[in-house]
Amino acid sequence: MAENNPENQAENVPEIAPETGSEIPSGNSSKIIPRVIEEEMKIAYVNYAMSVIVGRALPDVRDGLKPVHRRILFAMYEMGMLHNKPFKKSARIVGEVLGKFHPHGDSAVYDSLVRMAQHFSLRYPLINGQGNWGSIDGDSAAAMRYTEAKLQKISEEMLKDIDKDTVNFKENFDASLKEPEVLPTKIPNLLINGSSGIAVGMATNIPPHNVVEICDGIISVIDNPEITVSELMQIIPGPDFPTGGEVVCGDALRYAYTKGRGKVTIKSVTKFEDKKIIVSEIPYMVNKSELIEQIAEIVKDKKILGIRNINDESDREGIRVVIDLKNDVDPQVVLNQLFQFSRLKVSFGITLLALVNHQPKYLGIKEIMQYHVDHRKDVIVRRTQYDLKQAQDRVHILDGLLIALNNLDQVIPGIRNSKTVEDAREFLMGTYALSELQAKAILELRLQKLASMEQQGIRNEHQELLGKIMYYIEILASEAKVLSLIKEELKEVKEQYGDKRRSVIVSGEDEDVNMEELIEEENMVVTMTRAGYIKRMPVDTYKTQRRGGKGVIATGMKEEDFVEKLYMASTHDYLLFFTDQGQVYWLKVFHVPEAGRQAKGKHISNVLEMHPNEVINAVVPVRDFKQGYLFMATKQGTVKKTELMEFSNPRKGGIRAISLDENDTLIGVNYTDGNNEIILATRNGMANRFKESDVRSIGRAGRGVRGITLDESDEVIGMLAAVEGLNILTVTDKGFGKRTPVSEYRLCNRGGKGVTNIKITDKNGPVKAVMLVDGKEEIMLISKFGVGIRVKSTDISIIGRATQGVILMRLAERDQVGAAALILETGEEILDGGDGPIIPASTDDTI
8 MAENNPENQA ENVPEIAPET GSEIPSGNSS KIIPRVIEEE MKIAYVNYAM
58 SVIVGRALPD VRDGLKPVHR RILFAMYEMG MLHNKPFKKS ARIVGEVLGK
108 FHPHGDSAVY DSLVRMAQHF SLRYPLINGQ GNWGSIDGDS AAAMRYTEAK
158 LQKISEEMLK DIDKDTVNFK ENFDASLKEP EVLPTKIPNL LINGSSGIAV
208 GMATNIPPHN VVEICDGIIS VIDNPEITVS ELMQIIPGPD FPTGGEVVCG
258 DALRYAYTKG RGKVTIKSVT KFEDKKIIVS EIPYMVNKSE LIEQIAEIVK
308 DKKILGIRNI NDESDREGIR VVIDLKNDVD PQVVLNQLFQ FSRLKVSFGI
358 TLLALVNHQP KYLGIKEIMQ YHVDHRKDVI VRRTQYDLKQ AQDRVHILDG
408 LLIALNNLDQ VIPGIRNSKT VEDAREFLMG TYALSELQAK AILELRLQKL
458 ASMEQQGIRN EHQELLGKIM YYIEILASEA KVLSLIKEEL KEVKEQYGDK
508 RRSVIVSGED EDVNMEELIE EENMVVTMTR AGYIKRMPVD TYKTQRRGGK
558 GVIATGMKEE DFVEKLYMAS THDYLLFFTD QGQVYWLKVF HVPEAGRQAK
608 GKHISNVLEM HPNEVINAVV PVRDFKQGYL FMATKQGTVK KTELMEFSNP
658 RKGGIRAISL DENDTLIGVN YTDGNNEIIL ATRNGMANRF KESDVRSIGR
708 AGRGVRGITL DESDEVIGML AAVEGLNILT VTDKGFGKRT PVSEYRLCNR
758 GGKGVTNIKI TDKNGPVKAV MLVDGKEEIM LISKFGVGIR VKSTDISIIG
808 RATQGVILMR LAERDQVGAA ALILETGEEI LDGGDGPIIP ASTDDTI
């Protein structure tokens, strides 16, 4: 055979270049282009980078999808896998996507499909999966031949109207089919589901949000294009992760929403049960099994002491990780250590990076919303143009049918006498000036349409379409109508897919949270002076003395200034500052500047963003805002009750706590459980006791009702909860005081004058303060000259109401009691100014 001929084989031997010894290509030598390898590598790498950025890693700002996700959804839509249709095998979906649109590996497609079906990965899953789709423990999904899937209803909102020329299509990889460049979604998917991806030289990490808040935010952007990010954050306080958790949001989040880069801290939701820490929610994208292993490793390495055992009791109802503690440990300290060393708390870096016109761009949240609005405007205009053309084409046909129906006696014979269909068409077009389409429609008209009812149906359809045409023209002529349609669609999305927020937003900075974790919980004395200087000191700064002692210097100040208010709170408590004008401000105790006894502290205007001329008249320490009420009293005797939850997130500039009458001021605010009896005490020594239930709960802006009737020269100086078995301690300006059993104050009507609380004379002076005591407390008294003293309440005599009391504190000439407060019994005391330890007092001073 010829191919075995040695001569023929010799002809195929390649020619060797003598200079280099390398083979010289035959025939194609003219196609070889010499290139500098450095330049070729640069060009090739840029092409590769742009391919990854545009074709794989970054989502489009309009629909929030990467190409693989968009192709999966479109392929499933084309396959008819709607939410109300049967499930189909995942392998069939993957094959459809690979064969038609996505020329990559099957694992990439299936992994993307799986993530879109996982409720712990997406805030609003786009795929309804049946079978094993993985778990939060890191378990992988079953093989694609086992699992089944179909579209979620919310996904269909992303594909709706795609067949109405609402988006551009492009050729697939082999130019045999068309695929959409973007979906016409009316769901703001980029913000509600977020996105993450690592490209070349850049990455995106967009957190998910609550669909109700995002829709409200977009509506606000439409209504007010000049809205600020700060105003948007009143509507959208922060991300809403599918796994819940506590999200600490502050200036870093505001910067992310403005510039596209920032971070938030996500903390696990925990609670204490006996000597156990129960974890019910973990941070987003944290693997539960790995988290438990990490905690176990930390315990093994003795970074955290006090943990006995860890059990995972999670089930279909939710996450429950039980951390058993040893008996001699403080659960809060262990929890703080877990937050510090484990992934019970993580930092979520925010990078709002998406494709805009096929180019990567850092965006603010308002920009993303505006791009969604612009996309929907384009979709609605194109959809309306499509519907208008369809309606006009149909009206054109109906016009011809109506002409035929109105001239049946001539049309039917004319058609019957025509030899061919072409002759009939020519007859209709020539006789009645019809188009070819109209003539064809008449010839295809069924005889049953000639019935009177059918004829009327054609006329009704014609009129209905004329109305739609006018409607479509109005939409196309008015941008306002287009925007109104977008708002209506967003409201529909809210109603159909809206749900409650899963993540709890905690205001503050990440640094503040770390600061609280590291600060030891300690009982503090918070003092404020008449001039407005505030500071905090540990309780054990003061010494316990016998009744009648001279005290120690509590604060250093100018002669004209004096301590006016004193409160007890833990460093981890919140302080609600209520002003005389009815405003309330919020602050952590550890943010109150700490100072020594001789220091005057820091002016309150440098701590709180108060309005000019406001004076702090009440401070309420709060640990938990979830339950209870705040009961308020004014100088003129008005009282008001409001749920504590309404004060859980005040603004930096304060919020309204109560609306006041002219010349009235807010004098006191206490926490209550809603079932107490209230005692209002006046400066002239009167007291009125009434049921708290007589005062219904109202909103923050309400005015309240009458609590006590006052004489012309009198005013309210304090209020208490009437607890039987306890005593009311009354302190006067001149250092006198007494304890009187609560039982001696009879129940009166709300709004009455009440009964005598203390006999006022020139010797003891008007009432300065009233307090509820049970004998376990110490009393802190500070004079206007800055002298402080602690007195055990058991050293104060129990006497009747109509008495003037006994001396509690010996005052210098012209000095008066400036402030008084309770300190719970310490367990050890220093008598007569001796030196020794003082155990910090408890902060359980809730009324």
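Adding 7 to a residue's 1-based position in the sequence shown gives its number in our numbering.
A virtual CB, placed ideally from N, CA and C, is assigned to each residue, including glycine.
- Of all C-beta pairs linking the stretch 194–213 to the stretch 65–77, three or more are shorter than 8 Å, placing the two stretches in contact.
- By the Cβ test, the stretch 640–660 is in contact with the stretch 582–592, since at least three Cβ pairs between them sit closer than 8 Å.
- When rounded, the separation of the alpha-carbon atoms in K642 and L342 is 44 Å.
- Close CB contacts of E320 within its chain, under the 8 Å cut and outside five residues either way in sequence, are with R327, V328, V329 (chain order).
- The DSSP-derived three-state label of H126 is coil.
- Here the stretch 475–483 makes no contact with the stretch 432–449; the two share fewer than three CB pairs at distances below 8 Å.
- Taking a 10 Å sphere around the C-beta of Q417, we find fewer than 16 other C-beta atoms and assign the residue as exposed.
- F279 sits exposed, since fewer than 16 C-beta atoms from the chains shown fall within 10 Å of its C-beta.
- Counting only the Cα atoms, T235 lies some 43 Å from A51.
- Cβ contact annotation for R401 (same chain, cutoff 7 Å, sequence separation greater than five): L472, in chain order.
- Around the beta carbon of Q605, a 10 Å sphere encloses fewer than 16 other beta carbons of the protein chains shown; the residue is thus reported as exposed.
- Taking C-beta atoms as the reference points, G711 and I665 count as a pair closer than 8 Å.
- Cβ-Cβ distances below 8 Å link L490 to I229, V380, K384 in the same chain, with the five nearest sequence neighbours on each side left out; the list follows chain order.
- Non-local C-beta neighbours of P246 in its own chain, meaning closer than 7 Å and more than five positions away in sequence, comprise P214, P215, H216, V254, V271, S510, ordered along the chain.
- Straight across, the Cα-Cα distance linking S354 with Q347 is about 11 Å.
- Runs of the alpha helix (DSSP H) lying entirely within the stretch 61–126 and spanning at least 4 residues, in chain order: 74–85, 97–107, 113–124.
- Look at V646 here: in three-state DSSP terms it is strand.
- In the three-state scheme derived from DSSP, where H, G and I count as helix and E and B as strand, C755 is classed as coil.
- Every beta strand (DSSP E) stretch that sits fully inside the stretch 440–525 and reaches 3 residues is listed by chain position as 511–514.
- Under the 10 Å beta carbon count, P420 is surrounded by fewer than 16 other beta carbons and is classified as exposed.
- In the DSSP assignment, T265 falls within the alpha helix (DSSP H) that extends over 258–266.
- Secondary structure within the stretch 740–784: the beta strand (DSSP E) runs of 3 or more consecutive residues, fully enclosed, are 743–748, 774–780 (chain order).
- With 16 or more other CB atoms across the displayed protein chains lying within 10 angstroms of its CB, R690 is buried.
- When the alpha-carbon of N318 is set against those of D331, G325, V306, K310, the nearest one is in D331.
- Only buried fits F585, as 16 or more other CB atoms lie within 10 angstroms of its CB.
- By the criterion of at least three beta-carbon pairs nearer than 8 Å, the stretch 177–185 is not in contact with the stretch 120–137.
- Look at R423 here: in three-state DSSP terms it is helix.
- Every beta strand (DSSP E) of 3 residues or more that sits fully in the stretch 585–644 is shown, in chain order, as 590–595, 623–629, 636–641.
- Runs of alpha helix (DSSP H) with 4 or more residues, each lying fully within the stretch 294–370, are found at 295–307, 338–348, listed in chain order.
- Between the stretch 136–149 and the stretch 159–168, the count of Cβ pairs shorter than 8 Å is below three; the stretches do not touch.
- Nearest C-alpha to C222 among H610, I194, L582: I194.
- At a Cβ-Cβ threshold of 8 Å, M726 and I686 count as neighbours.
- Its chain contains F697 as the residues whose beta carbon lies nearer than 7 Å to that of N756, once the 5 sequence neighbours on both sides are disregarded; these appear in chain order.
- The beta carbon of V189 is closer than 7 Å to those of D67, R69, D70, V174 in its chain, skipping five residues each way along the sequence.
- Between R466 and L409 the beta-carbon gap is near 7 Å, inside 8 Å, which marks them as a contact.
- Taking a contact to require three or more Cβ pairs closer than 8 Å, the stretch 41–60 and the stretch 101–121 do not qualify as touching.
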